[in-house]
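Under our numbering, the first residue of the sequence shown carries the number 9, and numbering increases by one thereafter.
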Amino acid sequence: MVTAVVGANWGDEGKGKITDTLANDADIVIRFQGGANAGHTIVNEYGKFALHTLPSGVFHQNIMNIIGNGVALDIPKLVAEIKSITDRDVPKPNIIVSDRCQVVMPYHVLFDQCEEERLGKKSFGSTKSGIAPFYSDKYAKIGFQVNELFDDDYLVDKLTQVLDSKNVILEHLYHKEPLKLDDILKTMHEYRDMIKPYVCDVSAYLYEAIKEGKNILLEGQLGTLKDPDHGIYPMVTSSSTLAGFGAIGAGIPPYEIKKIITVNKAYSSAVGAGVFTSEIFGEEADELRRRGGDGGEFGATTGRPRRVGWYDCVASKYGCRLQGTTDVAFTVLDVLGYLDEIPVCTGYEVDGKVVTDFPVTLVTEKAKPVFEKLPGWKCDIRGIKKYEDLPLNCRKYIEFIEEKIGFPITIISNGPGRDDIIYRESPLK
Ligand code: GDP
9 MVTAVVGANW
19 GDEGKGKITD
29 TLANDADIVI
39 RFQGGANAGH
49 TIVNEYGKFA
59 LHTLPSGVFH
69 QNIMNIIGNG
79 VALDIPKLVA
89 EIKSITDRDV
99 PKPNIIVSDR
109 CQVVMPYHVL
119 FDQCEEERLG
129 KKSFGSTKSG
139 IAPFYSDKYA
149 KIGFQVNELF
159 DDDYLVDKLT
169 QVLDSKNVIL
179 EHLYHKEPLK
189 LDDILKTMHE
199 YRDMIKPYVC
209 DVSAYLYEAI
219 KEGKNILLEG
229 QLGTLKDPDH
239 GIYPMVTSSS
249 TLAGFGAIGA
259 GIPPYEIKKI
269 ITVNKAYSSA
279 VGAGVFTSEI
289 FGEEADELRR
299 RGGDGGEFGA
309 TTGRPRRVGW
319 YDCVASKYGC
329 RLQGTTDVAF
339 TVLDVLGYLD
349 EIPVCTGYEV
359 DGKVVTDFPV
369 TLVTEKAKPV
379 FEKLPGWKCD
389 IRGIKKYEDL
399 PLNCRKYIEF
409 IEEKIGFPIT
419 IISNGPGRDD
429 IIYRESPLK
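What follows is the structure, given as structure tokens:
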């Protein structure tokens, strides 16, 4: 059976932790989109890890971890990331990479930096990992698939052609030195040798695995609101963050995805620019940021302080709907234990009217949050294993949100560790 673990919001919802927990019963974990620009934080018996490209199954020796064709593959970063975990005594994980996966080229990172510099104040707040130039080239059909690294004549021909146009832009738009074919070719040869042990026909592998009834997890990066079509365009990422894209980015039939677990955090957070209606500021925000996540809300890849806000029912209902949610995993709930009252954003006021369906970006930018306050539970809920043992106000908070978003909250995460998890029968199921 194939299960997708995806995000409802701006990312950082705790997908890594949920995937790592569910991986106990999985045979295969697949990354199907995005690149090394975001990260998952995972806490387990080996310690605390920030993963960027590696699937979250790498800590389980019985799991095959797959980098699907939809991923923006930064080969040196992948290799360094494997080393960074094996250096910390994690046994060497099983990893395969799709032969159709495309490669983040050295100039993608350079173009990302140049473009953000050029845009100045109007920049996208990119992590400058080359992701936007990578996907632009992929769809402009001038990207490089992993398998192409193994055909030297083809590589030289294509690189010559691609560098011609890249150099015009580099020299005349960004005023930088042109790229030299020999330098890039040498790097490509290094990349080829690094990736060789992992290359595989992934869709064929998965076809057999599905036939054998293997348990497969698709692991999304970021969340619905960062999807290039359904998110807060243009402040989005460059590949689809939706479970539906899992079929394409891994190479499996769409109807095989039977379960879609959409991860929602019990409050909101976002890294980078873009509309965020329920955002809070000042001392109230500083306190939530300090207490949030596992040791503060700071980006796993960038270390940037995350913007924080209260739970947003409008954005999350939409986020869950677009994912095709069968189950909601509600995370980081333990963090809210310090609050007397917890505001929840239940509507957006737009031009004097309150709406509960998430609007298009230009309208959302005008929206003001409508908050309702729920009583807090004022205690530490870590360590609780049964839903009934959660404090009444905590259950009320969960049930209030479940009713507002209309999707069943069946998994509750009350701490960063693998075992900090509560399963629940939802009345909506
Ligand atoms: P992802 O990209 O969706 O995997 O999210 P991140 O890993 O970037 O951010 C989630 C943060 O919250 C990480 O620091 C996790 O260790 C932490 N985390 C996940 N679930 C919980 C939880 O239930 N409670 C607490 N306190 N922290 C959690």
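A virtual CB, placed ideally from N, CA and C, is assigned to each residue, including glycine.
Query: Please return the same chain residues whose Cβ sits closer than 6 Å to the Cβ of Ile-104, not counting the five positions on each side in sequence.; Result: Ile-74, Tyr-206, Cys-208
Query: Leaving out five residues on either side along the sequence, give the residues of the same chain with a beta carbon under 6 Å from the beta carbon of Ile-430.; Result: Tyr-395, Ile-420
Query: Spell out a yes or no on whether the stretch 33-48 and the stretch 66-84 are touching, meaning 3 or more CB-CB pairs, one atom from each, closer than 8 Å.; Result: yes
Query: Please report the straight-line C-alpha distance between Gly-252 and Pro-262, rounded to a whole angstrom.; Result: 7 Å
Query: Using a threshold of 6 Å, is the CB atom of Val-343 nearer than that to any non-hydrogen atom of the ligand GDP?; Result: yes
Query: Is the closest heavy atom of the ligand GDP to the C-beta of Pro-399 under 6 Å?; Result: no
Query: Quick test of the definition: if touching needs 3 or more C-beta pairs under 8 Å, does the stretch 111-118 touch the stretch 147-167?; Result: yes
Query: Residue ranges of each alpha helix (DSSP H) run of no fewer than 4 residues wholly in the stretch 193-234, ordered along the chain?; Result: 210-219
Query: Given a cut-off of 7 Å, decide if Gly-327 and Ala-16 are closer than it, judged by their beta-carbon atoms.; Result: yes
Query: Can you tell me where the beta strand (DSSP E) holding His-48 begins and where it ends?; Result: 48-52
Query: Can you tell me whether Ser-276 is helix, strand or coil according to DSSP?; Result: strand
Query: Taking the alpha-carbon positions, what's the Val-352 to Gln-169 distance?; Result: 54 Å
Query: Glu-179: beta carbon under 6 Å from a heavy atom of the ligand GDP?; Result: no
Query: For the structure I just gave you, are there three or more beta carbon pairs, one from the stretch 332-348 and one from the stretch 411-418, closer than 8 Å?; Result: yes
Query: Spell out the partners DSSP gives Lys-149 in its beta bridges.; Result: According to DSSP, Lys-149 bridges with nothing at all.
Query: So is Pro-101 buried or exposed if we call it buried at 16+ other beta carbons inside 10 Å?; Result: buried
Query: Three-state secondary structure (DSSP) at Asp-169?; Result: Reading the sequence as shown, one finds Gln at residue 169 and not Asp. Helix, per DSSP.
Query: Among residues of its own chain, excluding the 5 on either side of Asp-320, which ones have a beta-carbon nearer than 7 Å to its beta-carbon?; Result: Ser-276, Thr-285, Ser-286, Cys-353
Query: Go ahead and pull the three-state DSSP assignment for Glu-125.; Result: helix
Query: For Glu-305, which residues of its own chain have a beta-carbon under 6 Å away from its beta-carbon, when the five flanking residues on both sides are left out?; Result: Ser-277, Arg-297, Arg-314, Val-316
Query: For Thr-94, count neighbouring C-beta atoms within 10 Å of its own C-beta (all shown protein chains included) and say buried if the count is 16 or more, exposed if not.; Result: exposed
Query: Who does Lys-361 pair with in a DSSP beta bridge?; Result: Val-358
Query: Measuring only the C-alpha atoms, how far is Thr-249 from Val-271?; Result: 12 Å
Query: Alpha carbon to alpha carbon, how far is Lys-23 from Gly-384? Give it in angstroms, no decimals.; Result: 25 Å
Query: Would you tell me roughly how many angstroms separate the C-alpha atoms of Asp-82 and Ala-375, rounded to the nearest one?; Result: 38 Å
Query: By the three-class DSSP mapping on this structure, what secondary structure does Asn-73 have?; Result: strand
Query: Cutting at 7 Å between CB atoms, please list the residues of its own chain near Gly-282, excluding the five before and the five after it.; Result: Ile-240, Met-243
Query: Check whether the stretch 115-135 touches the stretch 217-234, taking contact to mean three or more Cβ pairs, one atom from each stretch, closer than 8 Å.; Result: no
Query: Classify Glu-227 as buried or exposed, calling it buried when 16 or more other Cβ atoms lie within 10 Å of its own Cβ.; Result: buried
Query: Give the C-beta separation of Asp-33 and Ile-224 to the nearest angstrom, bearing in mind that I take them to be a contact with Cβ-Cβ under 8 Å.; Result: Not quite, the Cβ-Cβ distance comes to about 11 Å (not below 8 Å), so this is no contact.
Query: Which term fits Phe-119, buried or exposed, when burial requires 16 or more other beta carbons within 10 angstroms of its beta carbon?; Result: buried
Query: Let me confirm a value: Ser-64 is counted as buried when at least 16 other C-beta atoms fall within 10 Å, else exposed. Which label applies?; Result: buried
Query: Going by the DSSP bridge assignment, what does Lys-404 pair with across the sheet?; Result: DSSP lists no partner for Lys-404.
Query: If you follow the beta strand (DSSP E) that Ala-12 is in, where does it begin and where does it stop?; Result: 10-15
Query: Put Val-244 into one of helix, strand or coil per three-state DSSP.; Result: coil
Query: So what's Val-79 in DSSP terms, helix, strand or just coil?; Result: coil
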